[in-house]
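Please read the structure below before turning to the comments.
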Amino acid sequence: MKIRSTSGMLSGLLEMVARAVSARSHIQLLSAVLFEADEDANLLTMKATDMEISISLTAETPVEEGGKVAIPAKMLLQYAKSLPEGEAELETDESGANATLSCGGSSVSLNCYAPDDFPTLPEFPEPSDGEADGSADADGTATAAAFSVDAAALSEAVSKVLPFASKDESRAVLMGVLVAFSEGSATLAATDSYRLGLNSQKLDGAVEGAPTAILPARALKEAVRLTSLAGEDGRIEVAITENQAMFRAGEAGLTLATRLIDGNYPEYGRLLPDGFEETFSVKRDDLLTAIGRARIVAGKQTPPPPLKLAFSHEEGTLGGGEVAISLAADTGAATEVLSADVPEGKAFEICFNPHYLAEAVSSISDETVALRLNESLKPAVLRPAAELAAEATNGSAGTDPEGPPDGYLHLIMPMRDPSRNGS
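Below is the structure:
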């Protein structure tokens with residue numbers, strides 16, 4: 001095999017594909033990128049996988065001699081990125097056991113692996129009529145679908161909930177994100193059992209027929225990166241089958257495939273309160289800044305000390321009320337008072353993990369955060385205040401067990417207030 005390219009193009013393509021290379025596998029071949037060169041079409045295809053996710057792409061480049069080779073990804077990428085911009089050449093010897101990358105006066109030779117042993121990667125399904133399609137079992141259960149959606153909208157939908165998937169490897173199901181597509185919309189849920197991110201929003205292009213699936217959070221993180229490669233139409237292709245999900249975008253047809261997580265996702269609808277006793281609103285940025293200052297005092301204390309929010313609005317006082325934010329740690333204490341929208345005569349105290357609350361507030365894109373509360377040890381819900389106001393105007397502010405229509409909510413479990421002496 002012998003190809004010509006530029007060092008910049010080669011390192012750029014390698015960097016995208018190498019994200020799927022296994023970092024921990026004992027199978028050496030999974031630490032490699034497979035190169036396949038087509039001399040007739042002048043096309044170079046790169047592939048990588050860790051057996052959970054795979055990434056492949058195809059790019060036009062001069063091919064002097066076709067063939068294929070599996071080259072250790074980490075070393076090749078590091079070397080390619082270190083090269084000056086200029087024409088580069090990648091060539092294998094006759095046996096295919098060694099590959100040489102050269103650029104200008106620099107070159108490196110690397111031992112390679114047998115390409116024929118490289119795993120076969122899934123191919124993106126092509127609808128027979130060129131249109132979005134879906135399929136189902138005889139009982140109507142969705143089994144597969146392929147369609148294209150707005151890339152920016154998909155990225156936003158995923159990014160809202162992604163931080164709240166569990167990182168605990170002993171709970172594989174919670175390391176995924178539940179994804180359900182319907183006609184023109186998508187609902188995504190992620191939880192680590194302490195908090196829940198739930199996002200239902202319009203997604204132009206989504207179709208009926210895609211099975212509800214649990215996608216690994218890591219794969220969806222890569223899918224978000226992939227959305228930046230969307231073409232002029234700003235769309236990304238999506239395919240969901242019984243056991244895998246695939247995303248494709250860009251001129252190089254960069255394709256990300258992932259195995260679905262097998263298991264039953266928690267019925268998050270049961271976690272959502274039927275109603276709320278109190279609703280208070282605070283400016284998002286002010287609240288986030290105040291929490292950030294309190295977290296400085298908390299430092300790395302484990303477990304983190306609770307952050308208390310004390311809402312109040314005395315009878316007969318002007319203004320809309322306030323929220324006192326306080327945190328007492330081993331190293332000291334911090335307090336801050338912010339203006340808040342609190343009904344006159346109301347007072348309510350609740351404590352949260354400061355790190356979890358910061359992430360929850362960060363996930364709200366509105367300028368004002370609405371906190372919906374019941375008792376101090378019952379789950380709290382954060383919503384964009386504008387969405388909540390719109391639902392109230394439309395008479396649909398109640399909690400739907402399937403989540404808010406075209407909206408976002410974050411559910412977070414409170415912490416016990418240590419000042420109440422265990423009560």
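Numbering-wise (UniProt numbering), the sequence shown opens with residue 1 and increments by one. Where a beta carbon is used, it is the ideal one built from N, C-alpha and C, also for glycine.
Check whether residue i and residue j have beta carbons under 7 Å apart
i: Y356; j: K160; result: no
i: P125; j: A239; result: yes
i: F280; j: F311; result: yes
i: V17; j: M46; result: yes
i: A329; j: P306; result: no
i: A206; j: V149; result: yes
i: L338; j: A298; result: no
i: A290; j: P354; result: no
i: P72; j: S31; result: yes
i: A157; j: A186; result: yes
i: I236; j: A245; result: no
i: S56; j: L121; result: yes
i: A59; j: L13; result: yes
i: N243; j: L260; result: yes
i: T368; j: A390; result: no
i: A37; j: M1; result: yes
i: A340; j: E322; result: yes
i: T61; j: L77; result: no
i: S7; j: C103; result: yes
i: I296; j: L309; result: no
i: T100; j: S109; result: yes
i: L411; j: L178; result: no
i: L273; j: N394; result: The displayed chain sequence assigns Pro, not Leu, to residue 273. No, the Cβ-Cβ distance between P273 and N394 is not below 7 Å.
For residue i, the first and last residue of its enclosing alpha helix (DSSP H)
i: G12; result: 7-17
i: H355; result: 354-362
i: T49; result: T49 -> not in any alpha helix (DSSP H); beta strand (DSSP E) instead, spanning 43-49.
i: A153; result: 151-161
i: R218; result: 217-227
i: L388; result: 385-393
Supposed contact pair residue j and residue i - C-beta distance, whole angstroms, cut 8 Å
i: E65; j: E39; result: 6 Å
i: L53; j: R218; result: According to the sequence displayed, residue 53 carries Ile and not Leu. Going by Cβ atoms, the distance from I53 to R218 rounds to 7 Å, so yes, they are a contact pair.
i: F352; j: P303; result: Actually they are not in contact, since the Cβ atoms of F352 and P303 sit about 12 Å apart, beyond 8 Å.
i: I3; j: V69; result: Not really, about 10 Å apart at Cβ, beyond 8 Å.
i: V361; j: R284; result: 6 Å
i: K346; j: E278; result: 7 Å
i: A145; j: G209; result: 4 Å
i: L371; j: A380; result: 6 Å
i: P266; j: H313; result: Actually they are not in contact, since the Cβ atoms of P266 and H313 sit about 36 Å apart, beyond 8 Å.
i: P163; j: S363; result: 7 Å
i: D192; j: A165; result: 7 Å
i: S365; j: D417; result: Not confirmed; about 30 Å, so no contact.
i: L198; j: Y268; result: 6 Å
Where the beta strand (DSSP E) through residue i begins and ends
i: S107; result: 106-111
i: Q201; result: 195-202
i: E322; result: 322-329
i: L34; result: 32-38
i: T191; result: 185-191
i: T368; result: 368-373
i: V342; result: V342 -> no beta strand (DSSP E), and no H or E assigned at all.
i: S182; result: 176-182
i: V238; result: 235-240
i: G407; result: 407-412
Examine the Cβ distances between the region 209-217 and the region 14-29 and report whether three or more of them are shorter than 8 Å. no
Below 8 Å, can you find three or more Cβ-Cβ pairs linking the region 98-118 to the region 172-189? no
Enumerated in chain order, which unbroken segments of the beta strand (DSSP E) with a length of 3 residues or greater are wholly contained in the region 242-291? 244-249, 254-259, 278-283
Please determine if the region 238-253 and the region 336-353 are in contact, where contact requires at least 3 C-beta pairs separated by less than 8 Å. no
Where in the region 59-115 do unbroken runs of the beta strand (DSSP E), each at least 3 residues long, occur, reported from the N-terminal end onward? 63-65, 67-72, 87-92, 98-103, 106-111
Check whether the region 152-168 and the region 197-205 touch, using three or more Cβ-Cβ pairs below 8 Å as the test. yes
Entirely enclosed beta strand (DSSP E) segments - the region 290-317, minimum 3 residues: 307-312
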